[in-house]
Ligand code: SF4
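Residue numbers (this note's numbering): 23 to 176.
#1: Enumerate in chain order the residues of its own chain whose CB-to-CB distance from residue 68 is below 6 Å, with the five nearest sequence positions on each side excluded.
#2: By DSSP, does residue 117 sit in helix, in strand, or in coil?
#3: List the whole-angstrom C-beta distance separating residue 169 from residue 86, where the pair is believed to meet the contact cut-off of C-beta under 8 Å.
#4: Short check: CB of residue 136 to CB of residue 106, under 8 Å?
#5: What runs of the beta strand (DSSP E), each 3 residues or longer, lie entirely inside the segment 63-133?
#6: DSSP on residue 25, reduced to helix/strand/coil?
#7: Do residue 139 and residue 150 come within 8 Å of each other at the CB atom, strictly closer than that value?
#8: Confirm, please, whether the CB-CB distance from residue 143 to residue 80 is below 8 Å.
#9: Which residues in the same chain have their Cβ closer than 6 Å to the Cβ of residue 176, if we skip the five residues on either side of it in sequence?
#10: Can the beta-carbon of residue 77 be found closer than 8 Å to that of residue 98?
#11: Is the beta carbon of residue 134 within less than 7 Å of some heavy atom of ligand 1?
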């Protein structure tokens, strides 16, 4: 059986892809990936956004609603960056298909990568249930998604 390949949020690996130019390095993730195959991805960069870039949150829903056209991703000043977020999600899906990855370890809470909860669009730190745009697309295509707080057990 071919080795499992994990797509991984680049920022969790210490890559400076985060909106403010920093990272979300996770020693737990790095430890888990020792001896495993990982493909780093940053959907926001793949969608064409610069680093650093303005923060963004999903307004009016979660990633699923963004993909369905019922919610938007916005910066604090209201600028609509939905298109870049969708483009990034599609590029990550393409990478998943090219590499055969069916599992991903993504950064919790992100409007792209979050799974289960995201910020609520108020830029106050409040949360709502839902997934980021990339997480929602990968889930819809049958991928399994973990985050830095809930890693695979195998
Ligand atoms: Fe990390 Fe995902 Fe945000 Fe990129 S889009 S910086 S990979 S959480």
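The beta carbon of each residue, even a glycine, is placed where N, CA and C say it ideally should be.
Fair warning: this is a prediction, and the values are worked out from it, not measured in the lab.
On the basis of the coordinates in this document:
#1: Hits under 6 Å: 110, 113.
#2: Looking at residue 117 - three-state DSSP - the assignment turns out to be helix.
#3: About 17 Å separates the beta carbon of residue 169 from that of residue 86, a gap too long to meet the 8 Å contact definition.
#4: The beta carbons of residue 136 and residue 106 sit no closer together than 8 Å.
#5: Fully enclosed beta strand (DSSP E) runs of 3 or longer: 79-81, 94-96, 125-128.
#6: The three-state reading of DSSP puts residue 25 in coil, since its state is none of H, G, I, E or B.
#7: The Cβ-Cβ distance between residue 150 and residue 139 falls below 8 Å.
#8: Against a cut-off of 8 Å, the Cβ pair of residue 143 and residue 80 comes out as a contact.
#9: Taken in chain order, the list of residues that qualify is empty.
#10: Contact flag set, yes.
#11: Annotation for residue 134 indicates a beta carbon within 7 Å of some heavy atom of ligand 1.
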